[in-house]
Amino acid sequence: MRKAAPRLFGALLLGFLIAGCSSGAEDTTTSTETTLPDDTSVTTPATTTTEAASADASCVTCHTDQATLQALAIEPFAGETLSEGEG
Amino acid sequence: MPPLEAWEQVFVSDDAFFETTHGQLGCIACHGGDGRAAGMEAAHTGLVRDPDSIETCSSCHNEISTTDAMSLHSTLDGYLTVFAERAGSEELSPELELAFGNHCSGCHTSCGQCHVSRPTSAGGGLLDGHSFKNPPPMNLTCTGCHGSRINDEYKGKNVMAEGGTYPADVHFNPGGMACFDCHGDAEMHGDVPAQDHRYDDAAVECIDCHPDVEGGADDNQQHSIHSETLACQVCHSVDYKNCYSCHVQTSDEGTPYFRIEPSEMAFYVGKNAEPTEQRPWSYVVLRHVPVDPESFSFYGTDLLPEFDARPTFAYATPHNIQRNTPQNASCDACHGNESLFLTADKVLPEELKANQDVIVDVLPGP
Numbered sequence: 001m002r003k004a005a006p007r008l009f010g011a012l013l014l015g016f017l018i019a020g021c022s023s024g025a026e027d028t029t030t031s032t033e034t035t036l037p038d039d040t041s042v043t044t045p046a047t048t049t050t051e052a053a054s055a056d057a058s059c060v061t062c063h064t065d066q067a068t069l070q071a072l073a074i075e076p077f078a079g080e081t082l083s084e085g086e087g
Numbered sequence: 088m089p090p091l092e093a094w095e096q097v098f099v100s101d102d103a104f105f106e107t108t109h110g111q112l113g114c115i116a117c118h119g120g121d122g123r124a125a126g127m128e129a130a131h132t133g134l135v136r137d138p139d140s141i142e143t144c145s146s147c148h149n150e151i152s153t154t155d156a157m158s159l160h161s162t163l164d165g166y167l168t169v170f171a172e173r174a175g176s177e178e179l180s181p182e183l184e185l186a187f188g189n190h191c192s193g194c195h196t197s198c199g200q201c202h203v204s205r206p207t208s209a210g211g212g213l214l215d216g217h218s219f220k221n222p223p224p225m226n227l228t229c230t231g232c233h234g235s236r237i238n239d240e241y242k243g244k245n246v247m248a249e250g251g252t253y254p255a256d257v258h259f260n261p262g263g264m265a266c267f268d269c270h271g272d273a274e275m276h277g278d279v280p281a282q283d284h285r286y287d288d289a290a291v292e293c294i295d296c297h298p299d300v301e302g303g304a305d306d307n308q309q310h311s312i313h314s315e316t317l318a319c320q321v322c323h324s325v326d327y328k329n330c331y332s333c334h335v336q337t338s339d340e341g342t343p344y345f346r347i348e349p350s351e352m353a354f355y356v357g358k359n360a361e362p363t364e365q366r367p368w369s370y371v372v373l374r375h376v377p378v379d380p381e382s383f384s385f386y387g388t389d390l391l392p393e394f395d396a397r398p399t400f401a402y403a404t405p406h407n408i409q410r411n412t413p414q415n416a417s418c419d420a421c422h423g424n425e426s427l428f429l430t431a432d433k434v435l436p437e438e439l440k441a442n443q444d445v446i447v448d449v450l451p452g453p
């Protein structure tokens, strides 16, 4: 019984990660900071702490997990390498 | 400054952030997106990487966000002023506007691009988890953008032709001063009179910290003689980078890039083309800026019809100040020393007209 609890927790966590962070192999459009849409229609900070914590759970789960980010991130095309000389 | 890997750029490594005031707001309040969505793509729908200063930061930091929106870091008016003069029109042509968008507008910064992340133009990425840094770390933010000239001058990284490096600015070594020790909050956040160019009513002057130099009140004979006619850098700066012939274009895939000739380490004393109350001197230090009549020719022909409206040897304030320099070693080290002065023979023939107001025709006598 004492061993079952960690296993159950692990299974839940794994399921959560898969649901929140799963990205099809074909998805290359939004996996890095530099390729995300730059939408300026942003909401103002008006949520309560509880609401924020709940709504942000997926964000925090992925963005605090180095292994997940390393698995999902795709290096952007290094266009600057075309440049020659000091910028 | 080595770039961060993609994952590293967005890794919130500091758990303590979530206990801070900013952390308590939650991710979505500033960045948008959908935290309840299943899957990364859906969760990132509508996400804002770099929240707008006015729409987001001003909710709590109203005054500073409002003035910052008028700072040169936000408006890029310094670039636009120079563009407009050389283009001969306040309004940029569609071709120049496209070029500006592709190659220049990325140098814009925002609240977050100094206080939370590296500037996008310096590769981006969180500075230290999601911690808000005040002041920002100069090595990752200020010199991330102002690197090839200011950083290398200030830290003594410029290489001499004969070997070795030029000395660091005394304010850095031994002074240990960071950028914001001179360039303070008001200047960084636009809380100064409106500026069209970074030298308009510059927020910092040497005499702010060295008031006794003015008029030789410090009993230094050289200051008594020269402080009203020579900019401080004429006597206290050494060789600095000069850049030539930058050309911009895009690849077949539309990726913007530039090509520029290797920089030249040199020191040029020239005439002050635009004396002001703040800069009344007859002689100043000049740096060749990378513009060329054909810099934007990829985008169209004759896009800078008034190229000669501004000198290509521009007023400069190199950040490599020394108490003792070759030119202040003695009177004759400067007077009559042609090698120090911008004379016509040192200017490209096609740039003579642009520089006619700064070229020194008659050297100060021995």
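Protein chains in written order, with the working numbering: chain A, 1 to 87; chain B, 88 to 453. For glycine and all other residues, C-beta sits at the position ideal for the given N, C-alpha and C. It should be emphasised that the depicted structure is a prediction, and the values quoted were computed from it without experimental measurement.
One alpha carbon belongs to P254/B, the other to L112/B, and they sit about 46 Å apart. The Cβ-Cβ distance between S324/B and P377/B does not fall below 8 Å. Annotated as proximal: L214/B and K220/B, with beta-carbon spacing under 8 Å. Residue-level contact by beta carbon holds for E92/B and chain A, with a gap shorter than 8 Å. Rounded to whole angstroms, D268/B and G277/B show a C-alpha spacing of 16 Å. The beta carbon of F98/B falls within 8 Å of a beta carbon belonging to chain A, placing the residue at that interface.
Excluding its 5 nearest sequence neighbours in each direction, S145/B has C-beta neighbours in its own chain below 7 Å: S152, T153, listed in chain order. Taking 8 Å as the upper bound for CB-CB distance, V434/B and N442/B are in contact here, some 5 Å apart. In the DSSP annotation of this structure, the continuous segment of the beta strand (DSSP E) that includes P343/B starts and ends at 343-346. Exclusion of the five residues before and after H63/A leaves L69 as the residues of its chain whose Cβ lies within less than 8 Å of its Cβ. Residue-level contact check: Y241/B does not touch chain A, since none of the beta carbons of chain A fall below 8 Å from its beta carbon. Look at the beta carbons and you see the segment 288-302 of chain B touching the segment 311-321 of chain B: at least three pairs across the two are nearer than 8 Å. Looking at the DSSP output, H217/B bridges to D215/B. Each residue's CA atom was taken as its position, placing S180/B and A396/B some 17 Å apart. The residue from T168/B, C418/B, F394/B with its alpha-carbon nearest to that of K440/B is F394/B. Within the segment 373-449 of chain B, the runs of beta strand (DSSP E) that reach at least 3 residues and sit entirely inside it are, in chain order, 400-402. With a 10 Å radius around the Cβ and a threshold of 16 neighbouring Cβ atoms, H375/B comes out buried.
In this structure, the CA atom of S100/B is about 33 Å from the CA atom of G262/B. S158/B sits away from S197/B, with the two beta carbons spaced by 8 Å or more.
Taking the CA atoms as reference points, G357/B sits about 17 Å from P413/B.
Excluding residues up to 5 positions away in sequence, T230, H406 lie with their Cβ nearer than 7 Å to the Cβ of I237/B in the same chain.
Ranked by Cα distance from Q309/B, the options C418/B, L373/B, M127/B are led by C418/B.
Taking a Cβ-Cβ threshold of 8 Å, the residues of chain A close to E348/B are G85, in chain order. Annotated as distal: S83/A and R205/B, with beta-carbon spacing of 8 Å or more.
Within the DSSP bridge table, the entry for K328/B names M352/B as partners. The beta-carbon of I312/B is placed no less than 8 Å from the nearest beta-carbon of chain A. Rounded to the nearest angstrom, the Cβ distance from F385/B to L391/B is 13 Å, too far for a contact under 8 Å.
Nearest neighbour of G243/B by Cα position, chosen from K328/B, V445/B, F170/B, S314/B, turns out to be K328/B. For G211/B, the CB contacts under 7 Å within the same chain, skipping 5 residues up- and downstream, are Q96, S204, R205 in chain order.
Going by DSSP, H118/B is part of no beta strand (DSSP E) but of the alpha helix (DSSP H) stretching over 114-118. Bridge partners of K244/B according to DSSP: none are assigned. Uninterrupted alpha helix (DSSP H) stretches at least 4 residues long and entirely within the segment 148-188 of chain B occur at 149-155, 159-162, 164-174, given in chain order. Per DSSP, Q336/B is one residue of the beta strand (DSSP E) stretching across 334-337. Nearest in C-alpha terms to V371/B, of all of A353/B, E184/B, Y402/B, P349/B, is Y402/B.
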